[in-house]
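Step one of this worksheet: look at the structure below.
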Amino acid sequence: MARRRAKSTRTGTPLSDRFASFKPLLVAGSWTTVIVALAFGLALGVPALRAEALSMRPEGPMRVVFEDRPAWMTDGDLSPLAELVDRPLSGSPMDRSGLAAAREALLASGWFEEIRQVRRSGADEVSIEATWATPFAVIREDGYDYLVDMRGRLLPRCYKAGTAPRGFLRIEGARLQRPSSYGTPWPGDDVSAAMALARLIDERPWRSQIAWIDLTGIPTDGCLRLKTMRNCTIKWGRAPGREGAAEVPARQKLDYLAWLQDHGGRIDANCEDQIDLLNDYVGMR
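So, in structure tokens, the structure goes:
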């Protein structure tokens, strides 16, 4: 009797094992598809967003809000500053380079000590946070009185000689010409000395009796002089804190002027020519 031959069978690979071998390829393909889709979406979406942003830019000028605006700054003075802000913001509201350019333009105007922030506060509005320069004195040159702040920096305003507001102390006889750009200190040690003296006497009760600070004698003897409304010359001396060896300090000079004010009603008293404050013995003629 013939023996029956056993039927041979091929061992097959399980489906789960075959899926596992293809899984890395499937994952990579999926991520590639996602990245391509995102890139395609951005290519279509960014121009659309830019076009929408540009359409949001108002047709008229931006409304510029200067926070902490000082009382002395008029609307007429603010208009040119608003134009400086509006000019670089003519593009997209998404473009921050325009805000940076507006900040630099405001700093160059000379009206500010610091620009803390330039920000969009609305679709058609920009807000400015800044520290304003403080008008303090005028320096006469070639028939005009040029406004400076408390540090002697040139401000963008000048007056014909004699027409400046009386609240500004005048300085005459500066050796060097005014700077070529606003916000820059007036050059020269003589002007620096005059500004130091102006700051020292600014709060004194007799301040209104001073007509101007005269610098013309500095090249000869190094001394500042105060001219009173009655045309008396008060020979002050060197800048406060920089007195010579034989010169009394600024405090002593102020005390003597206060004594004249209290006893004579004026700091120039009966002076017909000059009061000399340099020494312990105050001379008057």
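Residues in the sequence shown are numbered consecutively from 5, following our numbering.
Each residue gets a CB set at the ideal place from its N, CA and C atoms; glycine is no exception.
Predicted model, so just to flag it, every value in this text is computed and none were measured.
Answer with buried or exposed for residue i, where buried requires no fewer than 16 other C-beta atoms within 10 angstroms of its C-beta.
| i | result |
| --- | --- |
| D153 | buried |
| K257 | buried |
| S59 | Interpretation of S59 is limited by its pLDDT of 46, a score under 50 that renders its predicted location unreliable; no figure is taken from the coordinates. |
| W216 | buried |
| V50 | Per-residue confidence for V50 stands at a pLDDT of 48, beneath the threshold of 50, marking its modelled position as unreliable; no derived number is given. |
| R107 | buried |
| G245 | exposed |
| G177 | buried |
Could you check which residue in the options has the C-alpha nearest to that of residue i?
| i | options | result |
| --- | --- | --- |
| E71 | W210, G226, V130 | V130 |
| N283 | G269, C275, E247, R144 | E247 |
| G147 | V122, R182, A137 | R182 |
| V304 | Y260, G156, W136 | Residue 304 lies beyond the residue range present for the chain, which begins at 5 and ends at 289; the question has no answer from this structure. |
| A202 | L228, T220, G187 | L228 |
| T167 | P160, D149, A178 | D149 |
| P189 | V69, Q265, A137 | A137 |
| D277 | T78, R270, T237, L264 | T237 |
| P74 | L93, E133, D206 | E133 |
| G241 | N235, T220, R120, M233 | T220 |
| R144 | A198, V68, R91 | A198 |
| T135 | E117, L264, D194 | E117 |
Using only the alpha-carbon positions, how far apart do residue i and residue j sit?
| i | j | result |
| --- | --- | --- |
| R124 | G114 | 23 Å |
| K239 | P253 | 13 Å |
| P169 | L204 | 20 Å |
| A86 | L158 | 20 Å |
| L111 | A243 | 30 Å |
| H267 | G187 | 42 Å |
| P160 | D81 | 10 Å |
| A250 | D259 | 18 Å |
| D225 | R255 | 21 Å |
| K164 | A127 | 42 Å |
| D79 | D206 | 28 Å |
| P65 | L180 | 41 Å |
| E56 | F140 | Note on E56: pLDDT 47, under 50, position unreliable in the model; the coordinate value appears next. About 48 Å. |
| T232 | W76 | 27 Å |
| L103 | C162 | 29 Å |
| D218 | I279 | 14 Å |
| L281 | D194 | 19 Å |
| A105 | L151 | 26 Å |
| L271 | V69 | Correcting the residue type first, residue 271 is Ile in the shown sequence and not Leu. Going by the C-alpha atoms only, they are around 45 Å apart. |
Could you please give the first and the last residue of the uninterrupted beta strand (DSSP E) stretch that includes residue i?
| i | result |
| --- | --- |
| I271 | Per DSSP, I271 belongs to no beta strand (DSSP E) and is neither H nor E. |
| E118 | 116-126 |
| R174 | 173-176 |
| T135 | 129-136 |
So the alpha helix (DSSP H) residue i belongs to, where does it begin and stop?
| i | result |
| --- | --- |
| R157 | Careful: R157 lies outside any alpha helix (DSSP H) and carries neither H nor E. |
| V89 | 79-90 |
At a cut-off of 7 Å, would you count residue i as near the ligand GDP, judging by its Cβ distance to the nearest heavy atom?
| i | result |
| --- | --- |
| N235 | No copy of the ligand GDP appears in this structure; indeed no ligand is present at all. |
Q. So, do the region 167-178 and the region 211-224 have three or more beta carbon pairs nearer to each other than 8 Å?
A. yes
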